[in-house]
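Asker: Chains as they are written, first to last, in the numbering used here: chain A, 1 to 124; chain B, 1001 to 1491.
Next up, the structure:
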């Protein structure tokens, strides 16, 4: 299980990459492993305004259907449409081609966890 | 005899449409030429319908062969958690085949179906007494349909008080997936409530989520971890103080029937899966019936048509201004409802509690026998189902799915797997009250054998399972990612 050091994390097992005022997010390696084979991803609508912690996407695996929560507040500016035809990228490359959406941030990132904090959270 | 599974002759069987000689016809129906009224002439089919032309024995074999690939409660033990797969006593089938019950039609005049109406009215009364919620609609055709009906009534209640901002429905993270779906379908939105470390609702977490937009809390008691919500009275009080109502998912009523009443706990509205808690044949997931019982607060909003008792007859009330209206084409799924009534009557008021007692006893028997071999996430007495995880077996590379598949080879239907979602690698086992100690022991022996094979590293049979059925381990991922949903005629 990998936890890249250049990303932020949430207790909902999502990762966030901050670049300027844009946050790209997806689910962590731990999350994809726990969910099992992902078979469908319901992406948020581009242009939608989300609050931090608001359910905005759905990840369906062979085991379960799970909500995904916006890790930061802002406007959804881009979604990973490639997942519609190949959701398995969430399993094979969760931190890369398996990204879910990009949000133009309107709030801060104070609530997000560092890689160390996420690792500690997982061990608890 | 240890386990019942053995390999026998199983026949391959193509889809009906894939049978080679589609053109053959075993039964010649008279042509319609000259018999179609002129007004309907334009609708008459010009080309053959393309229905496969199997002979009668071929058609019979088709369905019998498919049925032999199946595992039902009449084939073997079926401990599917949260599904209450109890045996349907044969006497129920005798009851519903009585001509006066079997040969009636929903559109018959009321005076010609007084017997059926009397029985259904009686069932309403029983369900009201069992739930502690005296007003009952029999209309909903399944549990989730009952949830939707209940949520529509709760919405109508708030709207009737001009409290139209109440659209928020709180749902614990251990809930059945149908709960949030029903709330959304009724035009509300849901907020998830995190369970406490003991697998139950934490009143403090609940309190933090209650406000003047809260329409209702939907909960299941006992919840899907098999545990009783011990703070239920406080939980209901908190929701009521915030102006909301409490919806009870009756999926797990088997743990309480005849012993404790949801209405007495403070629940305002409850659906009862009578096909689970009482009886009906559990075929391919149906048919079902999900009557909804409510207290005085919600009774004005009950669906119509409904049955009312007059001095010397039973009448069907068809309209009522405050009602949410009909949610079904008639007063209910009569066949399922009558089987439920027969099951209740077989126990009678005095002995109804034996259902819950034996169901809870059986679940705890299984839990105790499997406790050392499997990880039990929430210790202590469970109710009608027990929850285990694959934590111990994980160390040997074996997961819940492998254990489930291996059980098939040993002659059992797997338990519910990977649900509830709040427990990693969940295995939810619900034996119901209709199983003997002997059956439970055979199942526990099989589970213990699997655990032992994991411990000794003898896991080949587990990873290769199932080997007995006509189909081996199916590729569930590809089935979901690339489903073949439509048959195409290549000719």
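No residue lacks a Cβ here, since even glycine has one placed at the ideal position from N, Cα and C.
As the structure is a computational prediction, the values presented were derived from the model and not from experiment.
1. Look up residue 102 of chain A in the DSSP assignment and give the residues it is bridged to.
2. What number of angstroms, rounded off, separates the C-alpha of residue 1013 of chain B from the C-alpha of residue 1418 of chain B?
3. One question on the structure: do residue 58 of chain A and residue 100 of chain A come within less than 8 Å of each other, judged by their Cβ atoms?
4. Kindly list the residues whose CB is nearer than 8 Å to the CB of residue 1272 of chain B, restricted to its own chain and excluding five residues on each side of it in sequence; keep chain order.
5. Can you tell me which of the three DSSP states residue 66 of chain A falls into?
6. Out of B:1435, B:1205 and B:1055, which has the shortest C-alpha to C-alpha gap to residue 1075 of chain B?
7. At a Cβ cut of 8 Å, what residues of the stretch 1420–1442 of chain B count as close to chain A, listed as they run along the chain?
8. Does the stretch 1375–1385 of chain B touch the stretch 1212–1220 of chain B, meaning 3 or more C-beta pairs lie closer than 8 Å?
9. With a cut-off of 8 Å on the beta carbons, I'd call residue 1359 of chain B and residue 1433 of chain B a contact; round off their distance for me.
10. Applying a beta-carbon distance threshold of less than 7 Å, which residues of chain B neighbour residue 34 of chain A?
11. I want to verify the contact list: residues of chain B whose CB lies under 7 Å from the CB of residue 39 of chain A, in sequence order.
12. On the three-state DSSP scale, how would you describe residue 1278 of chain B?
13. Kindly indicate if chain B contains any beta-carbon less than 8 Å away from that of residue 57 of chain A.
14. So, using beta-carbon positions, are residue 1207 of chain B and residue 1187 of chain B closer together than 8 Å?
15. Reducing DSSP to helix, strand and coil, say where residue 1159 of chain B ends up.
16. Around the C-beta of residue 1362 of chain B, are 16 or more other C-beta atoms found within 10 angstroms, so that it is buried, or is it exposed?
17. Nearest by alpha-carbon distance to residue 1080 of chain B: which of B:1473, B:1056, B:1416 and B:1048 is it?
18. Would you please state the rounded distance, in angstroms, between the beta carbons of residue 1150 of chain B and residue 1269 of chain B? I believe it to be under 8 Å.
19. Taking contact to mean at least 3 C-beta pairs separated by less than 8 Å, is the stretch 1167–1185 of chain B in contact with the stretch 1329–1343 of chain B?
20. Which residues share a DSSP beta bridge with residue 1315 of chain B?
21. Using a Cβ cut-off of 8 Å (strictly closer), state whether residue 90 of chain A contacts chain B.
22. Among the candidates B:1482, B:1347, B:1409 and B:1480, whose CA atom is the shortest distance from the CA of residue 943 of chain B?
23. Starting from residue 1217 of chain B, trace the beta strand (DSSP E) both ways and give me its first and last residue.
24. Is there at least one Cβ from chain B nearer than 8 Å to residue 87 of chain A's Cβ?
25. According to DSSP, is residue 1193 of chain B helix, strand or coil?
26. Please specify which runs of the alpha helix (DSSP H), each continuous and at least 4 residues long, are wholly inside the stretch 1370–1394 of chain B, giving them in chain order.
27. Counting only C-beta atoms, is residue 1177 of chain B closer than 8 Å to chain A at any point?
28. By alpha-carbon positions, which one of A:10, A:45, A:49 and A:64 ends up nearest to residue 34 of chain A?
29. Could you name the residues of the stretch 54–84 of chain A whose beta carbon sits closer than 9 Å to any beta carbon of chain B, in the order they occur along the chain?
30. Applying a beta-carbon distance threshold of less than 7 Å, which residues of chain A neighbour residue 1418 of chain B?
31. So, for residue 1487 of chain B: in the same chain, excluding its five sequence neighbours on each side, which residues have a beta-carbon less than 7 Å away from its beta-carbon?
32. Where residue 1329 of chain B and residue 1321 of chain B are concerned, what is the direct C-alpha to C-alpha distance, given to the nearest angstrom?
33. So the beta strand (DSSP E) residue 40 of chain A belongs to, where does it begin and stop?
34. Can you tell which of A:13, A:12, A:44 and A:56 has its C-alpha closest to the C-alpha of residue 1190 of chain B?
35. Report all residues from its chain with a CB closer than 7 Å to the CB of residue 87 of chain A; omit the five preceding and five following residues, and keep chain order.
Answerer: Short version:
1. Position 102 of the first chain holds residue 102 of chain A. According to DSSP, residue 102 of chain A bridges with A:24 and A:78.
2. Counted from its first residue, the second chain places residue 1013 of chain B at position 13. Counted from its first residue, the second chain places residue 1418 of chain B at position 418. Their backbone Cα atoms lie some 31 Å apart in a straight line.
3. Within the first chain, numbered from 1, the residue matching residue 58 of chain A stands at position 58. Within the first chain, numbered from 1, the residue matching residue 100 of chain A stands at position 100. Taking 8 Å as the Cβ cut-off, residue 58 of chain A and residue 100 of chain A do not qualify as a contacting pair.
4. Locating residue 1272 of chain B in the second chain gives position 272, counting from the first residue. Excluding residues within five positions, the ones whose Cβ falls inside 8 Å are 1127, 1130, 1131, 1146, 1250, 1253, 1290, 1291, 1292 and 1293.
5. The residue given as residue 66 of chain A occupies position 66 in the first chain. Correct three-state label for residue 66 of chain A: strand.
6. Counting from 1 along the second chain, the entry for residue 1075 of chain B is found at position 75. Among B:1435, B:1205 and B:1055, the Cα nearest to that of residue 1075 of chain B belongs to B:1435.
7. 1421 and 1424
8. no
9. As a position in the second chain, residue 1359 of chain B is number 359, starting the count at 1. As a position in the second chain, residue 1433 of chain B is number 433, starting the count at 1. That pair is a contact at about 4 Å.
10. Working through the first chain from its first residue, we reach residue 34 of chain A at position 34. Neighbours of residue 34 of chain A on chain B, chain order: 1424.
11. Along the first chain, read from residue 1 onward, the residue named residue 39 of chain A stands at position 39. Chain B residues near residue 39 of chain A: 1477, 1480 and 1481.
12. Within the second chain, residue 1278 of chain B is the residue found at index 278, counting from 1. It is coil, neither helix nor strand.
13. Translated into the one-based positions of the first chain, residue 57 of chain A becomes position 57. By this cut-off, residue 57 of chain A is not an interface position.
14. Along the second chain, one-based indexing puts residue 1207 of chain B at 207. Along the second chain, one-based indexing puts residue 1187 of chain B at 187. No. Outside cutoff.
15. Indexing the second chain from 1 puts residue 1159 of chain B at position 159. Three-state DSSP puts residue 1159 of chain B in a helix.
16. Taking the second chain and counting its residues from 1, the one referred to as residue 1362 of chain B is at position 362. It is buried - the Cβ of residue 1362 of chain B has at least 16 other Cβ atoms within 10 Å.
17. On the second chain, residue 1080 of chain B is found 80 positions in, with the first residue counted as 1. Cα-wise, what sits closest to residue 1080 of chain B is B:1416.
18. Reading the second chain from its first residue, position 150 is the one you call residue 1150 of chain B. Reading the second chain from its first residue, position 269 is the one you call residue 1269 of chain B. The pair is a contact, with the Cβ atoms about 5 Å apart (cut-off 8 Å).
19. no
20. The residue you call residue 1315 of chain B lines up with position 315 of the second chain. DSSP output for residue 1315 of chain B lists B:1308 as bridge partner(s).
21. Start at 1 with the first residue of the first chain, and residue 90 of chain A comes out as number 90. Judged by the 8 Å Cβ criterion, residue 90 of chain A is not in contact with chain B.
22. An answer regarding residue 943 of chain B cannot be provided, because it is not within the stretch 1001 to 1491 covered by chain B.
23. On the second chain, residue 1217 of chain B is found 217 positions in, with the first residue counted as 1. 1214–1220 is the span of the beta strand (DSSP E), which, as asked, contains residue 1217 of chain B.
24. Residue mapping note: residue 87 of chain A aligns to position 87 of the first chain, counting from 1. Yes - at least one Cβ of chain B is within 8 Å of the one on residue 87 of chain A.
25. Counted from its first residue, the second chain places residue 1193 of chain B at position 193. Of the three classes helix, strand and coil, the one that applies to residue 1193 of chain B here is strand, per DSSP.
26. 1391–1394
27. Taking the second chain and counting its residues from 1, the one referred to as residue 1177 of chain B is at position 177. Output row for residue 1177 of chain B: interface = yes.
28. Indexing the first chain from 1 puts residue 34 of chain A at position 34. For residue 34 of chain A, the nearest C-alpha among the options comes from A:64.
29. 55, 60, 61, 62, 63, 64, 65, 66 and 67
30. Position 418 of the second chain, counted from the start, is the residue given in the question as residue 1418 of chain B. Going along chain A in sequence order, the residues near residue 1418 of chain B (Cβ under 7 Å) are 63 and 64.
31. The residue given as residue 1487 of chain B occupies position 487 in the second chain. The answer, listed in chain order, is 1015 and 1017.
32. For this step, residue 1329 of chain B is matched to residue 329 along the second chain. For this step, residue 1321 of chain B is matched to residue 321 along the second chain. Cα to Cα, the separation comes out at about 19 Å.
33. Counted from its first residue, the first chain places residue 40 of chain A at position 40. Note, residue 40 of chain A: beta strand (DSSP E), 38–42.
34. One-based indexing of the second chain puts residue 1190 of chain B at position 190. Answer by Cα proximity: A:56.
35. Numbered from 1 along the first chain, position 87 holds the residue referred to as residue 87 of chain A. Taken in chain order, the residues that qualify are 38, 39, 40 and 41.
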